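Take our numbering: the last position of the sequence shown gets the number 514, and nothing is skipped along the way. Notes to accompany the following structure.
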Amino acid sequence: MSTRAGFVALIGEPNAGKSTLLNRMVGAKVSIVTHKVQTTRARIRGVALEGEAQIVFVDTPGIFRPKRRLDRAMVKSAWGGAADADLTVFLIEAHRGVTEGVDAIMEALKDLPKGKSIALAINKIDKVQAAELLALTKAMNEAFDFVETFLISAEKGHGCAALKTWIAGQLPDSPWLYPEDQIADLPLRMLAAETTREKLTLRLHQELPYQLTVETEAWEERKDGSCKIDQLIYVMRDGHKGIVLGKGGETIKAVSTQARTELEEFLGRKVHLFLQVKVRPNWLEDKERYEEMGLDFRDGNE
Ligand SMILES: Nc1nc2c(ncn2[C@@H]2O[C@H](COP(=O)(O)OP(=O)(O)OP(=O)(O)O)[C@@H](O)[C@H]2O)c(=O)[nH]1
213 MSTRAGFVAL IGEPNAGKST LLNRMVGAKV SIVTHKVQTT RARIRGVALE GEAQIVFVDT
273 PGIFRPKRRL DRAMVKSAWG GAADADLTVF LIEAHRGVTE GVDAIMEALK DLPKGKSIAL
333 AINKIDKVQA AELLALTKAM NEAFDFVETF LISAEKGHGC AALKTWIAGQ LPDSPWLYPE
393 DQIADLPLRM LAAETTREKL TLRLHQELPY QLTVETEAWE ERKDGSCKID QLIYVMRDGH
453 KGIVLGKGGE TIKAVSTQAR TELEEFLGRK VHLFLQVKVR PNWLEDKERY EEMGLDFRDG
513 NE
């Protein structure tokens with residue numbers, strides 16, 4: 213049997229139940245909600261497996277504030293996640309119905325490239341009567357051309373399995389995007405890499421080689437409750453290596469301390485962080501690396 217894989221953007225107003233649904237579908241320990249470090253367009257929030265399909269859920273951060281008119285330009289850039297995704301699932305709350313925020317999101321959805329599949333998931337159905345649900349389904353589908361509508365309760369589990377199976381069936385034939393042994397902590401690995409990159413940026417300012425990438429190579433949970441994180445900082449030239457290391461290694465030491473402190477705060481436990489700088493001249497041509505960072509490969513060639 214051939215494998216499938218793809219990116220799914222889960223969108224909705226704050227409190228719609230995105231994290232709850234994600235935890236149910238991913239069934240793993242992590243569904244990170246932090247918008248503190250925003251260096252990528254789409255943050256990976258979790259990876260779910262369904263049969264032969266690998267579903268990679270991405271976030272479109274910080275765009276849906278209730279009771280606020282959506283600023284077009286901001287929406288455009290922030291929508292990267294949904295525009296690049298193979299599929300978008302729009303989550304709304306059954307008992308709140310068509311709110312101002314829901315309306316605004318539907319307007320923004322209309323700006324997505326044509327041919328994008330967008331499904332509707334009406335969540336928290338445990339809070340309403342059937343008649344109300346029918347009316348809402350009808351109103352939403354009149355307002356927008358959803359490919360499918362699901363009635364779910366992320367908290368109680370109703371309809372979630374059907375939604376997951378359907379999503380898996382929509383994804384293109386493709387090899388899996390991430391190795392199976394990394395799936396559970398992928399969002400954490402990426403967050404850790406972004407944290408280090410952020411500290412490098414703060415420390416180096418304009419000196420920072422813009423073709424620089426940080427990857428978390430290994431993540432080890434230790435028996436004493438701490439975790440050991442190994443990261444590689446890739447630069448394109450030998451000269452860049454010197455900049456990142458700093459005189460006597462002082463830059464990398466400072467960056468490492470700052471990143472470790474922040475990660476310890478976030479994770480609530482002790483972290484051992486090991487950074488290594490490597491030269492990889494061709495990484496700009498490496499499409500996969502781009503995608504791991506949540507970037508579109510074409511961005512690098514502009
Ligand atoms: N009754 C009911 N409550 C739900 C359901 N799904 C989620 N909730 C509750 O709704 C609240 C918000 O859920 P979250 O999953 O945190 O929502 P979110 O969309 O991730 O919110 P943000 O992180 O703010 O974007 C929580 O208190 C959940 O327990 C549901 O199906 N039924």
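Glycine residues also receive a C-beta, built at the ideal position from the N, C-alpha and C atoms. As the structure is a computational prediction, the values presented were derived from the model and not from experiment.
DSSP state of G460 mapped onto helix, strand, coil: Here residue 460 corresponds to residue number 248 of the sequence shown, with the count starting at 1. Three-state result, G460: helix.
Straight-line gap, L346 to R257 (C-alpha atoms, nearest Å): As a working mapping, residue 346 is identified with position 134 in the sequence shown. As a working mapping, residue 257 is identified with position 45 in the sequence shown. Rounded to the nearest angstrom, the two C-alpha atoms are 31 Å apart.
Q470 versus K411: straight-line alpha-carbon distance, rounded: Working through the sequence shown from its first residue, we reach residue 470 at position 258. Working through the sequence shown from its first residue, we reach residue 411 at position 199. Straight-line Cα distance between these residues: approximately 7 Å.
Distance cut-off 6 Å: T300 Cβ against heavy atoms of ligand 1: Here residue 300 refers to the residue found at position 88 of the sequence shown. False, no ligand heavy atom lies under 6 Å from that Cβ.
Heavy atom of ligand 1 within 6 Å of P399 beta-carbon: Reading the sequence shown from its first residue, position 187 is the one you call residue 399. No; taking the cut-off as 6 Å, the Cβ of P399 has no heavy atom of ligand 1 nearer than that.
Within 7 Å, strictly: CB atoms of E305 and A355: Along the sequence shown, one-based indexing puts residue 305 at 93. Along the sequence shown, one-based indexing puts residue 355 at 143. At a Cβ-Cβ threshold of 7 Å, E305 and A355 do not count as neighbours.
Ligand 1 heavy atom lying under 6 Å from the CB of G518: In the structure as shown, the chain starts at 213 and stops at 514, and residue 518 therefore has no counterpart that could be examined.
Cβ-heavy atom distance, N353 to ligand 1, below 6 Å: Working through the sequence shown from its first residue, we reach residue 353 at position 141. No.
Top-ranked residue by Cα proximity to V426, from L332, K453 and C439: The sequence position of residue 426 within the sequence shown is 214, counting from 1. Among L332, K453 and C439, the Cα nearest to that of V426 belongs to K453.
Selected residue, minimal CA-CA separation from S468, among L303, E477 and Q488: As a first step, residue 468 must be located in the sequence shown, where it is residue number 256. Nearest of L303, E477 and Q488 to S468, Cα basis: Q488.
Spatially closest choice to V447 from V491, D436 and K459, by CA coordinates: Along the sequence shown, one-based indexing puts residue 447 at 235. Among V491, D436 and K459, the Cα nearest to that of V447 belongs to V491.
Inter-stretch contact (C-beta, 8 Å, three-pair minimum) for the stretch 396-415 and the stretch 348-368: They do not touch, by the three-pair rule.
Euclidean distance between Cα positions of G369 and R236: Along the sequence shown, read from residue 1 onward, the residue named residue 369 stands at position 157. Along the sequence shown, read from residue 1 onward, the residue named residue 236 stands at position 24. Straight across, the Cα-Cα distance linking G369 with R236 is about 8 Å.
For A430 and Q443, the rounded distance between their alpha carbons: The residue given as residue 443 occupies position 231 in the sequence shown. The residue given as residue 430 occupies position 218 in the sequence shown. Spanning the two alpha carbons is a distance of roughly 7 Å.
Any non-hydrogen atom of ligand 1 closer than 6 Å to A331 Cβ: In the sequence shown, the residue the question calls residue 331 occupies position 119. In this structure, A331 has its beta carbon at no less than 6 Å from each heavy atom of ligand 1.
Start-to-end residues for the alpha helix (DSSP H) that takes in W378: As a first step, residue 378 must be located in the sequence shown, where it is residue number 166. W378 -> alpha helix (DSSP H) spans C372 to Q382.
Helix, strand or coil at E514 [DSSP, three-state]: In the sequence shown, the residue the question calls residue 514 occupies position 302. Summary for E514: the model assigns pLDDT 31, below 50, so the residue's position carries little reliability; its value from the coordinates is reported in the next sentence. Of the three classes helix, strand and coil, the one that applies to E514 here is coil, per DSSP.
L475 classed as buried or exposed, judged by whether at least 16 other C-beta atoms fall within 10 angstroms: For the purposes of this step, residue 475 is identified with residue 263 of the sequence shown, where counting begins at 1. Burial call: buried.
Which listed residue (D338, M318, G460 and F478) has its alpha carbon closest to that of E225: Locating residue 225 in the sequence shown gives position 13, where the first residue counts as 1. Comparing Cα positions, the closest option is M318.
Touching by the beta-carbon criterion (3+ pairs, under 8 Å), the stretch 377-389 and the stretch 258-267: Yes, since at least three Cβ pairs between the stretch 377-389 and the stretch 258-267 fall closer than 8 Å, the two stretches touch.
Nearest neighbour of A297, chosen from E312, A260 and I330 [CA to CA]: As a working mapping, residue 297 is identified with position 85 in the sequence shown. That would be I330, whose Cα lies nearest to the Cα of A297.
Euclidean distance between Cα positions of W378 and T463: As a first step, residue 378 must be located in the sequence shown, where it is residue number 166. As a first step, residue 463 must be located in the sequence shown, where it is residue number 251. Using only the alpha carbons, I get a separation of about 49 Å.
Distance, V238 Cα to T407 Cα: Start at 1 with the first residue of the sequence shown, and residue 407 comes out as number 195. Start at 1 with the first residue of the sequence shown, and residue 238 comes out as number 26. C-alpha separation (whole angstroms): 24 Å.
heavy atom of ligand 1 below 6 Å from K339 C-beta: Residue numbering aside, residue 339 sits at position 127 when the sequence shown is read from its first letter. Yes, Cβ of K339 sits closer than 6 Å to a heavy atom of ligand 1.
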